[in-house]
Amino acid sequence: MEALEALRTRYSARVLQEPAPAGAALEAILESASRAPDHGRLRPWRFIVIESGQRGAFGDLLADQARRSRPGATPEALERERQKAFRAPLIIVVAAIPNPETKIPPVEQVLAAGAAAQNIMLAAFAQGFNAMWKTGDAAYDETVKRAFGLGQKDSIG
């Protein structure tokens, strides 16, 4: 698929199904992400790939965050949070990791990570896969960020 066609026709899917990108297709997606515009060539991002077999642990992390942030949550509500990990056969968490020691403002570094996320979606679409961008309360939770090895000033987009 040509670049302009991908830009003009890409959409966020409502449902994601197997097969997930794997092998060379996943490598192409991550390589495309790493070519995002990046003032200062800092590469202020990290990609955390959650494959099919890891979704259960990710779902437990989401349910735990919901339990901590909403003490009155019903077991059904916690299970709905857990099941969010299974909305896609593959999840790529995009984290912005700004470097405060450079002259590039942190906001530009976060925007670069957002551009990397857009490249992920375009590269997936260009290869015939669907994609969607989803975040929720867990993306802003310090315990969740620590579980991914991220610091306080890092963000998940």
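Following my numbering, the numbering of the sequence shown begins with 6 at its first residue and continues without gaps. Even for Gly, the Cβ is constructed at its ideal location relative to N, Cα and C.
- Taking the CA atoms as reference points, proline 103 sits about 30 Å from leucine 21.
- For phenylalanine 52, the secondary structure class from DSSP, reduced to helix, strand or coil, is strand.
- Pairwise C-beta distances place the region 72-82 out of contact with the region 113-120, as fewer than three of them are shorter than 8 Å.
- Under the three-state reduction of DSSP, serine 37 is assigned to helix.
- If you draw a straight line from the Cα of alanine 100 to the Cα of histidine 44, it comes to about 17 Å.
- Spatial neighbours of lysine 89 in its own chain (CB-CB distance under 6 Å, excluding positions within 5 residues in sequence) are listed in chain order as Leu67.
- Of all C-beta pairs linking the region 33-41 to the region 117-133, three or more are shorter than 8 Å, placing the two stretches in contact.
- Minimum Cα-Cα distance from arginine 46 among the listed residues Asn124, Thr107, Lys158 and Ser160 corresponds to Thr107.
- Between tryptophan 138 and serine 17, the beta carbon gap of about 7 Å places them in contact (Cβ cut-off 8 Å).
- Cβ contact annotation for serine 160 (same chain, cutoff 6 Å, sequence separation greater than five): Ala101, in chain order.
- Apart from sequence neighbours up to five positions away, no residue of its chain approaches lysine 158 with a beta-carbon distance below 6 Å.
- Assignment of isoleucine 102 by DSSP, reduced to helix, strand and coil, places it in the coil class.
- Cα atoms of leucine 95 and glycine 28: separation of roughly 12 Å, rounded to the nearest angstrom.
- In its chain, beyond the 5 residues on either side, Ala41, Pro42 and Asp43 have a beta carbon closer than 8 Å to the beta carbon of alanine 120.
- Within the model, the alpha-carbon separation for aspartate 65 versus phenylalanine 52 is close to 20 Å.
- For glutamate 86 against alanine 71, the beta-carbon gap comes to about 4 Å, under 8 Å, which counts as contact.
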